[in-house]
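Engineer: Residue numbers (our numbering), protein chains in the order written: chain F, 1 to 248; chain G, 1 to 122; chain P, 1 to 607; chain Y, 1 to 281. Virtual Cβ for every residue (Gly too), placed ideally from N, Cα, C.
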Ligand code: HEA
Ligand code: HEA
Ligand code: CUA
Ligand SMILES: [Cu+2]
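1. Check the Cβ-Cβ distances between residue 15 of chain F and every residue of chain P, and say whether any is below 9 Å.
2. Is there a Cβ from chain G that is less than 9 Å from the Cβ of residue 237 of chain F?
3. Work out the CA separation of residue 181 of chain P and residue 254 of chain P for me, nearest whole Å.
4. With burial defined as no fewer than 16 other Cβ atoms inside 10 Å of the residue's Cβ, what is the status of residue 358 of chain P: buried or exposed?
5. Using a threshold of 8 Å, is the CB atom of residue 575 of chain P nearer than that to any non-hydrogen atom of ligand 4?
6. Say yes only if the C-beta of residue 23 of chain Y is nearer than 8 Å to one or more non-hydrogen atoms of ligand 1, and no if none qualify.
7. Would you say residue 590 of chain P reaches chain G, if we count a Cβ-Cβ gap shorter than 9 Å as a contact?
8. Between which two residues does the alpha helix (DSSP H) holding residue 87 of chain G run?
9. Starting from residue 189 of chain F, find everything on chain G with Cβ-Cβ shorter than 8 Å and list it in chain order.
10. Relative to the C-alpha of residue 97 of chain F, which candidate in F/184, F/159, F/73 and F/68 has its C-alpha closest?
11. What whole-angstrom Cβ distance do residue 202 of chain F and residue 223 of chain F have, given they're in contact under 8 Å?
12. Going by the DSSP bridge assignment, what does residue 386 of chain P pair with across the sheet?
13. What I want to know is whether the C-beta of residue 540 of chain P ends up closer than 8 Å to one or more non-hydrogen atoms of ligand 6.
14. Taking only beta-carbon positions, decide if residue 55 of chain G is within less than 9 Å of chain Y.
15. Do you know offhand how far residue 154 of chain Y's Cα is from residue 100 of chain P's?
16. Can the beta-carbon of residue 217 of chain F be found less than 9 Å from the beta-carbon of residue 505 of chain P?
17. Going by beta carbon distance, what residues of the same chain come within less than 7 Å of residue 215 of chain Y, once the five residues before and after it are set aside?
18. If residue 77 of chain P and residue 92 of chain P are in contact, beta carbons under 8 Å, what's the gap, nearest whole angstrom?
19. Quick one, which of P/219, P/110, P/401 and P/200 has its alpha-carbon nearest residue 11 of chain Y's?
20. Using beta carbons (cut-off 9 Å, strictly below), is residue 279 of chain Y in contact with chain G?
21. If we define contact as Cβ-Cβ less than 9 Å, is residue 252 of chain P a contact residue for chain Y?
22. Within the present structure, is the beta-carbon of residue 99 of chain P separated from the nearest heavy atom of ligand 2 by less than 8 Å?
23. Do you know how far the Cα of residue 419 of chain P is from the Cα of residue 235 of chain F?
24. Can you grab the Cα-Cα spacing for the pair residue 267 of chain P / residue 78 of chain G, in whole Å?
25. Taking residue 422 of chain P and residue 269 of chain P to be in contact with their CB atoms under 8 Å, please state how far apart those CB atoms are, rounded to whole angstroms.
26. Against chain G, with Cβ distances strictly below 9 Å, would residue 111 of chain Y count as a contact?
27. Can you have a look at residue 607 of chain P and say buried or exposed, based on whether 16 or more other CB atoms are within 10 angstroms of its CB?
28. Since residue 192 of chain Y is in the beta strand (DSSP E), which residue starts that stretch and which ends it?
29. Counting along the chain, where does the alpha helix (DSSP H) carrying residue 200 of chain P start and finish?
30. Nearest CA to the CA of residue 524 of chain P: which residue from P/550, P/551, P/484 and P/553?
31. At a Cβ threshold of 9 Å, is residue 38 of chain P touching chain G?
32. With distance defined between alpha-carbon atoms, name the residue in Y/273, Y/263, Y/280 and Y/166 nearest to residue 105 of chain Y.
33. Since residue 221 of chain F is in the beta strand (DSSP E), which residue starts that stretch and which ends it?
34. Going by beta-carbon coordinates alone, are residue 16 of chain F and residue 425 of chain P separated by less than 9 Å?
35. List, in chain order, every chain P residue whose beta-carbon is nearer than 9 Å to that of residue 48 of chain F.
36. By the criterion of Cβ-Cβ separation under 7 Å, what are the contact partners of residue 21 of chain G in chain Y?
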């Protein structure tokens, strides 16, 4: 596993580690036992089987033990981590960067409200491949909106991001392994995910849901950059404005 | 273990006697009447304006359930059926309920601030 | 009840002893329209093994594409181009569409046409009535109809490869809207075939499961109380209920998707879809998640349909080859029941990342953890059973014993997927592929092999060759692990499943942080190990066919000195199975009973 | 060995094989129709508002013919009681009466199907016409003086076909207005309007493609109709060719009638829920 590049990623990695420790312990224990039994109780070593077999209750304790550890991991780690992931979005005080992400066969697009901080008017009837967000270009609020189709978009480092994931055709899946973020992009639903990138770099968005013959090549890229670089890019793009780009 | 074949002539089965069956027939006819009345009630309910939709649904399903109970209980003899049949039906009732309830719950309980109208439905 | 050894009748005597109402059926009556559970079992067995092989060839072609994306498949590539058309395999190169349709059909064929039919249809049909001392299934004609539906379903699925546009290519899960919009030109496309095929297969399973449950409830012979039933029968019983109650919702969903595809309805299509830049001309108003709920409502119980009968076979083979009773038989039975019950309420763990609130997610991951406990209990019971045994190693028991750690690995890797927080990272990665193949491939397939080696003498009167069998075992276990273990590594590296380019886009040269091109190298290794796995099956296929004719003759009706009733019949069992009504006096696994003359006390022997 | 308990009850379960079988089958049918009802509820509660043109509701109400539906309900209930009476007649050793009741049952089944197909046809000739100004009209339409029965079944949303045939106006005989409960508004009357094709966004008859309501309606009722048909065939078989068994094995014959009846009652049960759900709610 590559190192997590987001604030909450560590928690997820820890959970994965602990579960694998449990699994490892069970695996090593049982394989050891199994091999021992194969030698100790094969036909030549033990020609006459014992009707009763094992008399100890160790296995019961073992089963209870497994149940308890699972319970601890569940209540101690998994449930709180999930709650953090889907509830508790960062409030205005934390100045999150907000964007909409739109999937289509076979590309990603991102939409920022622009320097005015207001989303432009959107309607399906304007939507097409080059304008996946259906921005109404006549709308005043839409003039400075940023809409990047297929090319990379930027995110500032160490600032919370709220991305609303949706799709215009079939189900895709917004997955950034390094950010430890995965969310299906489902047409008809717009679902927010939030995370805080902690490392500068280029990250790929994997489409993790089969979406057609171009599924494998549906790669998106976003760059995590410093706040300054982000602001510069944001202002520039905002000035250019418009519904976005062409779709190749 | 295997069934000895009964003499074909006079055998009309189990432990029911003719007058039992005659009594059953009377019950069937009463139930028939009740079902018709239930149908009329259901339709009448449509023309009554209950203030809330929930109430309308509740009333309609209540009447339907009673009718269903009558059909299942008497026509299908479920009231005097064997334990095994109850077991099977209880299982399917549980799973049916969980299918319905969990699906509704699952599609209703979304992450915070989710939007079910897509981004750009007017 | 006589002892089994005295049963070495030829089938001729049986026929006369039984001949009153029967007239000799002709070829069709005997092999195609037979109502005898044993013939139907064999029909199921042969067809499903052929489908297993076919499913393997599909994946082999895919693995080649994964290892060497964009290069023509040797030998078969040009053939594919010729048969399936240029748009599917131009120049013998597997395109994205072809990859997807092979992937979808691999999953569908393996699950619905190979493993379930072989476990439930073949072994279930052949062995269950024998083990409970019944002359046949409760509804023999329904049984035949079940096979015919299955066969027809298989034919439809197979035919779908040759429709314009090719077979279904939306994964075995057929998620809408993809399933409805992949082919906007042909209404009657591969997906439609898939749905019709599924409706037939579901009908077949429903007929089968009604029959199995009724048979087990009604036709147990005298003395065969519930707790004297072999575990295999219990497994079939629970499996029957899973099929009976979980399949109908998928049938409903299938009909809905069929309406979407054929009549333009919008059960699973929301409003405002824009496909290819054009608004999709449908009313909308449907819910894509509804399909997923209905699919996984079946989908999860289905995986226990795959594993429970497999555990049943393993339990039979193991207890016979360790010569002692199963440890904790009762708790195994109760665990199987709890698994069956719980498997209906865990399905949404396949949907964690569709956008799930905290409450629902908590519910489903809690039930998922709960269901792992009975699995742990069953596996633990089987492991503990080995203690104090006198273990014989033959082809059957080698496969059965190897099942345990293989299922263990598969089951254990289910746990990190079951916690939704860790599933965020692992979802839809090769880790998932690794997880479930460990349960379904080395898992169920090893159980199938164990069962074949074990019951072969009962069915044919001859043993399979041990040397070839052991060769088959060694090759299978080695290559199985080499195929599937690297997938966990790939999963950890973030490699996604269903990638027709083997991940080149993400792990090629200029990629983002954390991409490790090493995973692409593993694809090569997996390819050659998969080829090796295929080669390892050759001894089995040779063994299988040659042993029917030249295998060592079974010396008695009970060559393994087993206790269950299936070995108390003549070999092969005649129509009607038993010469006398069997009576059962004891539990199913009375091996090495202290004070008994032999180390096995058959259920049907009075003393 | 012969298969035991084909018509005698097994002592410990108290049931004969076919009865176990039919109840298991009905359990799976509960799941089948249960899933469809679940789908109905889910689609209905999540339907976007304003989606159905006639009312402010997202979901159409009161579009089906209630008197006919009520009558059909009565027909099905009648058949349900006659089938149980048929069984009782056999129990009382009265074969002639059995046959009469069975014939009534099958006749009811056929009547039900006939009425249903009439209803289907009526729906196929009703249209919803969506206009460019965002409004929508429902009713029968007249194109070139003809009332089309079916318009393009699959491809609802194409107005191109009209344009192709150089039709520039169609007449819509409007349905009476309804309130938000789906009740026809007081004093509402039929009105007919000319619409020019260039104002139309889309038009299509009441088919599964029009709205999820119709999709669910047609799917469930068609599936139910198939069950009625299947039941009618089987019961018809029992009434005539299959009745030979009454001579050879009366006990098993009575059992068969009971099993057939159980299936038939189940079909009735489904309708008992289906009727209020799709016609009234
Ligand atoms: C037979 C099939 C089978 C079985 C038995 C299981 C068993 C389990 N599965 Fe698996 N699963 C599948 C088949 C199966 N699964 C398939 C086909 C998919 C993918 C579908 C798709 O998307 O296409 C899948 C996917 C899947 C997911 C979704 C992943 C995702 O898409 O993100 C999840 C998540 O919870 C999961 C969990 C589990 C769990 C918790 C179990 C538990 O029941 C496991 C319990 C077992 C144990 C805990 C083992 C105990 C072992 C020991 C005590 C001893 C160990 C000893 C040694 C190793 C020597 N499975
Ligand atoms: C029961 C189910 C089952 C089984 C047994 C298998 C078996 C195998 N599977 Fe499959 N697989 C699935 C179910 C199964 N799979 C599913 C559900 C998916 C998901 C599909 C999707 O994405 O939608 C999948 C996907 C899947 C993928 C991922 C594809 C992708 O995501 O792009 C891969 C990749 O390697 C793979 C590989 C294999 C391999 C190498 C085997 C091997 O183990 C196969 C070994 C088989 C043999 C070697 C044949 C032996 C033949 C005989 C013994 C016949 C003898 C004949 C006679 C005697 C007549 N499978
Ligand atoms: Cu988009 Cu896969
Ligand atoms: Cu599952």
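Structural biologist: On the basis of the data shown:
1. Yes - at least one Cβ of chain P is within 9 Å of the one on residue 15 of chain F.
2. Residue-level contact by beta carbon fails for residue 237 of chain F and chain G, as no gap is shorter than 9 Å.
3. Looking at the two C-alpha atoms, the distance is approximately 16 Å.
4. Counting Cβ neighbours within 10 Å, residue 358 of chain P comes out buried, since at least 16 surround it.
5. The closest heavy atom of ligand 4 lies 8 Å or more from the beta carbon of residue 575 of chain P.
6. The nearest non-hydrogen atom of ligand 1 is 8 Å or more from the C-beta of residue 23 of chain Y.
7. It does not: the Cβ of residue 590 of chain P has no partner Cβ on chain G nearer than 9 Å.
8. Unbroken alpha helix (DSSP H) run through residue 87 of chain G: 83-108.
9. For a Cβ distance threshold of 8 Å, residue set 110, 114, 115, 116 and 118 of chain G lies close to residue 189 of chain F, ordered along the chain.
10. Minimum Cα distance to residue 97 of chain F is reached at F/159.
11. Right, their Cβ atoms sit about 5 Å apart.
12. Beta-bridge pairing links residue 386 of chain P to no other residue.
13. You won't find ligand 6 in this model; what it holds is ligand 1, ligand 2, ligand 3 and ligand 4.
14. Cβ-Cβ to chain Y under 9 Å: no for residue 55 of chain G.
15. With a pLDDT of 46 at residue 154 of chain Y, under the threshold of 50, the modelled position of that residue is not reliable, and the figure given next carries that caveat. Rounded to the nearest angstrom, the gap between the Cα atoms of residue 154 of chain Y and residue 100 of chain P is 27 Å.
16. Taking 9 Å as the cut-off, the Cβ atoms of residue 217 of chain F and residue 505 of chain P count as close.
17. Closer than 7 Å at Cβ, skipping near neighbours: 208.
18. Distance from residue 77 of chain P to residue 92 of chain P at the Cβ level is roughly 3 Å; contact confirmed, criterion being Cβ atoms closer than 8 Å.
19. Each of P/219, P/110, P/401 and P/200 was checked against the Cα of residue 11 of chain Y, and the nearest Cα belongs to P/219.
20. Under the 9 Å criterion on CB atoms, residue 279 of chain Y is classed as interfacial with respect to chain G.
21. Yes, residue 252 of chain P counts as interfacial toward chain Y.
22. Flag set: Cβ of residue 99 of chain P near ligand 2.
23. Cα to Cα, the separation comes out at about 41 Å.
24. Rounded to the nearest angstrom, the gap between the Cα atoms of residue 267 of chain P and residue 78 of chain G is 35 Å.
25. The Cβ separation is near 32 Å, so there is no contact.
26. For residue 111 of chain Y, no CB of chain G lies under 9 Å from its own CB, so it is not counted at the interface with that chain.
27. Burial call: exposed.
28. Start and end: 191-196.
29. 190-218 is the span of the alpha helix (DSSP H), which, as asked, contains residue 200 of chain P.
30. For the residues P/550, P/551, P/484 and P/553, the minimum Cα distance to residue 524 of chain P belongs to P/484.
31. Not closer than 9 Å to any Cβ of chain G, the Cβ of residue 38 of chain P fails to qualify, so no.
32. Selected option, being the one with the closest Cα: Y/263.
33. Boundaries of the beta strand (DSSP E) harbouring residue 221 of chain F: 220-225, taken from the DSSP string.
34. Yes, Cβ-Cβ distance for residue 16 of chain F and residue 425 of chain P is below 9 Å.
35. Result: 323, 390, 592 and 599.
36. Within chain Y, the residues whose beta carbon sits less than 7 Å from that of residue 21 of chain G are 88, 91 and 92, listed in sequence order.
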